[in-house]
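Following the working numbering, the numbering of the sequence shown begins with 1 at its first residue and continues without gaps.
All C-beta atoms, glycine included, are put in the ideal place defined by N, C-alpha and C.
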Amino acid sequence: MMKDIATPSRTREIVEQFDLKAKKSLGQNFMTDVNILHKFVDATGMTAEDGVIEVGPGIGALTEQLAKRAKKVIAYEIDQRLLPVLDETLKQYDNVEIRHEDFLKANLDHVFSEDFQSVEHVYAAGNLPYYVTTPILMRFLEERLPIKTLTVLIQKEVGDRLAAKPSTKAYGSLSIATQYYAETEVISHVPANVFVPKPNVESSIIRFTIRSEKAVQVKNEDAFFKLIRASFAQRRKTLRNNLQSWSGNKEAVAQVFDLSGIDGGRRAESLSIEEFAKLADAWEIART
Ligand code: SAM
Numbered sequence: 001m002m003k004d005i006a007t008p009s010r011t012r013e014i015v016e017q018f019d020l021k022a023k024k025s026l027g028q029n030f031m032t033d034v035n036i037l038h039k040f041v042d043a044t045g046m047t048a049e050d051g052v053i054e055v056g057p058g059i060g061a062l063t064e065q066l067a068k069r070a071k072k073v074i075a076y077e078i079d080q081r082l083l084p085v086l087d088e089t090l091k092q093y094d095n096v097e098i099r100h101e102d103f104l105k106a107n108l109d110h111v112f113s114e115d116f117q118s119v120e121h122v123y124a125a126g127n128l129p130y131y132v133t134t135p136i137l138m139r140f141l142e143e144r145l146p147i148k149t150l151t152v153l154i155q156k157e158v159g160d161r162l163a164a165k166p167s168t169k170a171y172g173s174l175s176i177a178t179q180y181y182a183e184t185e186v187i188s189h190v191p192a193n194v195f196v197p198k199p200n201v202e203s204s205i206i207r208f209t210i211r212s213e214k215a216v217q218v219k220n221e222d223a224f225f226k227l228i229r230a231s232f233a234q235r236r237k238t239l240r241n242n243l244q245s246w247s248g249n250k251e252a253v254a255q256v257f258d259l260s261g262i263d264g265g266r267r268a269e270s271l272s273i274e275e276f277a278k279l280a281d282a283w284e285i286a287r288t
């Protein structure tokens, strides 16, 4: 039997056979530890009746493990050079479909309505390229794609920010943006030396369990996110100062604190998502 792709020796063989030079500009760091991938696949919660979308299959390390677990895998790879590689490395898996597309531009309309018709639930996964981690995550979350969980390998520092709780250094507008759509958990840390080439940073496996209802209900979603970003503009400043610089409207800002019952002397990092929702709804009244 063939060795798993996610082993140092098989990865080396594939890289040599195809004379592959990893492209840094595309965030190419190939995973070579199959035990970590087993943990990753377990974390997704998928069964043999489910389907999975993968972003960035590379030479197929994670794709292979997903194919062993799921009924169907659809994987988006932007780098044309990897297509013949994947043809070869994944030839024994007839439940994998590779699409040569930029995931951020791919039309996903048919994917859920037709391509995954035969599966029970759809999941999403990827060892994400560093340069587009946030846009990829936000595409899944903001477009409310009908997936159960989104499990990703990303830079540890970004993962810590995404999963951060109030009153911690890592907590910020990105933590709230993702937690609005999903419950976010750090599953495990992953050392840099299991990737080829070795990146300069550590990684983490992060799982987003998509909420059936958003974490809070707000009157104006767009204004809610703008107000959060403005509140964190200068972390050391008070909410009052940040909102005044942003809006230029001292009276409306004073009214926001009166209406919401939130103390304007606090800093953004101490507010829960529920408190930001109160603040944003008060802003909708105060600004008119
Ligand atoms: N899944 C493989 C693994 O775990 O070894 C490779 C992961 S590597 C970190 C990221 C992969 O994403 C690369 O193969 C890269 O070419 C691909 N990629 C980069 N940007 C992409 C995009 N916008 N859409 C689809 N794939 C992309």
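- Around residue 45, the same chain offers 149 as residues with beta carbons nearer than 6 Å, after the five sequence neighbours per side are excluded.
- In this structure the segment 217-227 does not touch the segment 186-193; the number of beta carbon pairs closer than 8 Å is below three.
- Assignment of residue 63 by DSSP, reduced to helix, strand and coil, places it in the helix class.
- Within the segment 92-132, the runs of beta strand (DSSP E) that reach at least 3 residues and sit entirely inside it are, in chain order, 96-100 and 122-127.
- Scanning the segment 227-283 for uninterrupted alpha helix (DSSP H) segments of 4 residues or longer gives 239-247 and 250-260, listed from N- to C-terminal end.
- In the DSSP assignment, residue 207 falls within the unbroken beta strand (DSSP E) covering 203-210.
- Distance between residue 64 and residue 118, taken at the CA atoms: about 20 Å.
- With a cut-off of 8 Å on Cβ pairs, the segment 143-162 is in contact with the segment 172-186, counting three or more such pairs.
- Annotated three-state conformation of residue 183 is strand, per DSSP.
- With a beta-carbon spacing of about 25 Å, residue 266 and residue 288 fall beyond the 8 Å limit used to define contacts.
- Per the DSSP secondary-structure output, residue 51 pairs in a beta bridge with 72 and 122.
- Closest option to residue 23, judged by alpha-carbon separation, among 138, 129, 212 and 180: 129.
- Rounded to whole angstroms, the gap between the alpha carbons of residue 245 and residue 234 is 10 Å.
- The nearest non-hydrogen atom of the ligand SAM is 7 Å or more from the C-beta of residue 166.
- Following the DSSP letters along the chain, one finds residue 150 inside the beta strand (DSSP E) bounded by residues 149-155.
- If you check the CB distance, residue 140 and residue 125 do not come in under 8 Å.
- Rounded to whole angstroms, the gap between the alpha carbons of residue 84 and residue 91 is 10 Å.
- Ranked by Cα distance from residue 70, the options 260, 133, 49 and 177 are led by 49.
- The beta carbon of residue 217 lies closer than 8 Å to those of 277 in the same chain, with the five residues before and after it left out.
- Restricting attention to 199, 6 and 164, the CA atom closest to the CA of residue 61 is found in 6.
- The beta carbon of residue 178 lies closer than 7 Å to those of 137, 141, 162, 184 and 208 in the same chain, with the five residues before and after it left out.
- Taken through DSSP and simplified to helix, strand or coil, residue 1 comes out as coil.
- Counting along the chain, residue 35 sits inside the alpha helix (DSSP H) bounded by residues 34-44.
- For residue 87, the enclosing alpha helix (DSSP H) stretches over residues 82-89.
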